[in-house]
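Residues in the sequence shown are numbered consecutively from -5, following the numbering used here.
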Amino acid sequence: MSEVAAQVRPLAGGEKVRWTAADIALLPQNEFTRYEIIDGDLHMSRQPSWEHQNTCGRIYAELLIWSRSSKLGEPSINPGILFSDVDNVIPDVVWISFERLKALKDPAGHLTGAPELVVEVLSYGEQNEARDRQAKLKLYTVYGMQEYWIADWRLKQMEIYRRERDRLRLTATLFAQDELTSPLLPGFACPVGRLFE
């Protein structure tokens, strides 16, 4: 996603504005802008690039094929996750077990907690990369994500973060010639290069 910096003025006394889900509901809604809140900070994103979306689609397709045969859960593209009033994000792709989906989906169809796996596809720009590599990594760690994949379609590589004790840690950086597997997804295997064709 291409990020547009939110223009936020400090409150009197230098305090920073903390955005909430209620604030997002008051912002103009259109199909070209997505709003996310991470620890009360507002992030606005434009529609992603063609390459970004194709990468998301390929990752989703591989997870969908495996999910249909395993019958353990399902993937989704751009689901809303409402962790709290000040933490609302729209990851690129998620995979969630059916049991967890039943427990975490609210009446509006949003997740209210962490799916087992989240995938973010990097968009161009330092702010975008920092958001995915730092702010979202921290957020997904705090809320109990089991795995976090960061896909870089420019470099054709995938960084794999897995939960070790209390945090998500980088366990592998995979390249086009490597095979992507996961202990969360028994029997899942995909050549990394296929995700970036």
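C-beta: ideal position from N, C-alpha, C; glycine also.
Model, not experiment: these values are computed from the prediction.
Measure the beta-carbon distance from residue i to residue j and round it to whole angstroms, keeping in mind my assumption that it falls under 8 Å.
{"i": "A97", "j": "G138", "result": "At roughly 13 Å, the Cβ-Cβ gap does not stay under 8 Å, so A97 and G138 are not in contact."}
{"i": "R157", "j": "H37", "result": "Actually they are not in contact, since the Cβ atoms of R157 and H37 sit about 24 Å apart, beyond 8 Å."}
{"i": "L111", "j": "L178", "result": "6 Å"}
{"i": "F169", "j": "Q140", "result": "Their Cβ separation, rounded to whole angstroms, is 23 Å, which puts F169 and Q140 out of contact at 8 Å."}
{"i": "G74", "j": "H46", "result": "Not quite, the Cβ-Cβ distance comes to about 18 Å (not below 8 Å), so this is no contact."}
Please return the same chain residues whose Cβ sits closer than 6 Å to the Cβ of residue i, not counting the five positions on each side in sequence.
{"i": "S70", "result": "V88"}
{"i": "L58", "result": "P69"}
{"i": "N72", "result": "I84"}
{"i": "Y142", "result": "V112, Y134, Y155 and L162"}
{"i": "A129", "result": "I32"}
{"i": "F92", "result": "G67"}
{"i": "T106", "result": "L76, L98 and D100"}
{"i": "T165", "result": "I154 and R156"}
{"i": "E56", "result": "C184"}
Apart from the five residues just before and just after residue i, which ones in its own chain have a Cβ nearer than 8 Å to its Cβ?
{"i": "E191", "result": "R52"}
{"i": "L133", "result": "I32, D33, F77, D81 and V83"}
With a CB to CB cut of under 7 Å and the five nearest residues on each side skipped, what residues in its chain are close to residue i?
{"i": "F127", "result": "Before going on, a small fix: residue 127 reads as Arg here, not Phe. Same-chain partners within the cutoff: I144."}
{"i": "D79", "result": "T14 and A15"}
{"i": "R3", "result": "Its pLDDT being 44, under 50, R3 is placed unreliably by the model, and the measurement read from it follows with that caveat. If we look at R3 and ignore the five residues flanking it on each side, it has no Cβ neighbours."}
{"i": "T49", "result": "V115, A145, W147, L189 and F190"}
{"i": "T175", "result": "F182 and A183"}
{"i": "Q1", "result": "Residue placement at Q1 cannot be trusted, given a pLDDT of 41 that sits under 50; what the coordinates show is reported in the next sentence. Hits under 7 Å: none found."}
Report the residue from the options whose alpha carbon sits nearest the alpha carbon of residue i.
{"i": "L116", "options": "I90, Q171, D86 and E110", "result": "D86"}
{"i": "E173", "options": "R159, L164, D160 and E153", "result": "E153"}
{"i": "A19", "options": "L149, E30 and P101", "result": "E30"}
{"i": "T167", "options": "Y54, V186, R159 and D160", "result": "V186"}
{"i": "Q171", "options": "L149, D35, W60 and E56", "result": "L149"}
{"i": "N24", "options": "S64, Q41, D35 and D160", "result": "Q41"}
Under DSSP, the beta strand (DSSP E) around residue i begins and ends at which residues?
{"i": "D35", "result": "D35 to R40"}
{"i": "L111", "result": "L111 to V115"}
{"i": "E30", "result": "T27 to I32"}
Could you give the first and the last residue of the continuous alpha helix (DSSP H) run that contains residue i?
{"i": "L20", "result": "A15 to L20"}
Please indicate yes or no: does the CB of residue i lie closer than 7 Å to some heavy atom of the ligand PLP?
{"i": "D126", "result": "The ligand PLP is not among the ligands present in this structure, which contains no ligands whatsoever."}
Tell me, please, whether the CB atom of residue i is closer than 8 Å to any CB atom in chain D?
{"i": "Y142", "result": "The structure shown contains no chain D; it holds only a single protein chain."}
List in chain order: all unbroken beta strand (DSSP E) runs of 3+ residues lying wholly within the segment 52 to 104. With a minimum length of 3 residues, the continuous beta strand (DSSP E) runs that stay inside the segment 52 to 104 are 67 to 71, 75 to 78, 81 to 83 and 87 to 91.
In the segment 124 to 187, which residue ranges form an unbroken beta strand (DSSP E) of at least 3 residues, counting only runs that do not cross its ends? 141 to 146, 151 to 158 and 161 to 169
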